[in-house]
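I have placed the structure first, in the form of structure tokens, so that the comments after it can refer back to it.
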Amino acid sequence: MNSAGGIAIRDAVVLVTGAGGGIGRALVAVLLERGAAEVVACDRQAPGFDDPRVTPLALDITDEAAVAEAARRHAGRVTILINNAGVNANPRLFSDRLLAEAHSEIAVNYLGTLAMMQHFAPAMVARGGGQIANVVSFVGLVCGPGMAGYSASKAAAHMATVAARAELAPLGVGVLGIYPQLVDTGMSRHLALPKLTTEALAAMIVEAVEAGQDDLFPGPATEAFATLRQDPEGFQAMLIDRLGPARPQFK
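When you line the sequence shown up against the numbering used here, it's residues 2 to 252, in that order.
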């Protein structure tokens, strides 16, 4: 448990980025089931929801001016921020696409998450408490073959999460890092491997927020993290063997 403690979902105001995707929609559903007073559901195009407790918001988190405006309008009442927005272009390291796609992955997965924390945390501190939950990825801790840009962007998000926790916890704001392995979304459609459902992941995230956890390794990620800590090099070799080496695509 973090020193800031957890926050009950009932009657809370929660902002979720990436709310139009699979994990985001599952999060909104679980938050409403748990009694959230309001869910500000953000995506590049305002997502549609039938529940009147949902406030749809069109927000590109790579646009800092837009993030600042969203904070001006909503930060005063948001008690829980869930940074769920993410992109994974899966470019090979030596491919024509890599640099352009890596810029996009860094912009969303790292800089966008950083901007959301920077603009929403001050209001939480002023109120004396709050919770931030960052959906990172297990491949932010170990490199996924064939997704070097994504792994790098998530590693940066992991470091930002650790740093934010160190700075905000003494001020009453908890920061949860979430490290799923494969989740059944469009990002993992090309991988024929066991996957966690979005509904199961969303429920685990909400429970971790309420419990005031620092880290969440959902489902099989718990055992995988224990193995990674014991033998980092062996785990990386196993991952390459399971997913296959990423063949260079030289120009």
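Cβ coordinates follow ideal geometry from the N, Cα and C atoms, glycine included. Given the structure is predicted, the values throughout are model-derived calculations rather than measurements.
Asked	Found
Please work out which residues of its chain come closer than 6 Å, Cβ to Cβ, to GLY131, disregarding the five sequence neighbours upstream and downstream, and give them in chain order.	THR80, MET125 and VAL174
Between which two residues does the alpha helix (DSSP H) containing GLY150 stretch?	149 to 169
Note down, in chain order, each residue of its chain lying with its Cβ closer than 6 Å to the Cβ of LEU94, except the 5 sequence neighbours on either side.	ALA149
Relative to the C-alpha of PHE121, which residue among ILE83, ARG11 and LEU99 is closest?	ILE83
Can you give the Cα-Cα distance for PHE139 and GLU168, rounded to whole angstroms?	23 Å
Below 8 Å between beta carbons: does that hold for GLY7 and GLY213?	yes
Assign ASP287 to one of two classes, buried (16 or more other C-beta atoms within 10 Å of its C-beta) or exposed (fewer than that).	The shown model of the chain, from 2 to 252, leaves out residue 287, and the question about it has no answer.
Starting from VAL41, follow its DSSP beta bridges and name the residues at the other end.	LEU16 and THR56
Please report how far the alpha carbon of PRO279 lies from the alpha carbon of ARG26, in whole angstroms.	As displayed, the chain neither begins before 2 nor continues past 252, which places residue 279 out of reach and without an answer.
Among the candidates SER105, MET117 and ASN135, whose CA atom is the shortest distance from the CA of ALA71?	MET117
Give a yes or no on whether the C-beta atoms belonging to THR162 and VAL176 are separated by under 8 Å.	yes
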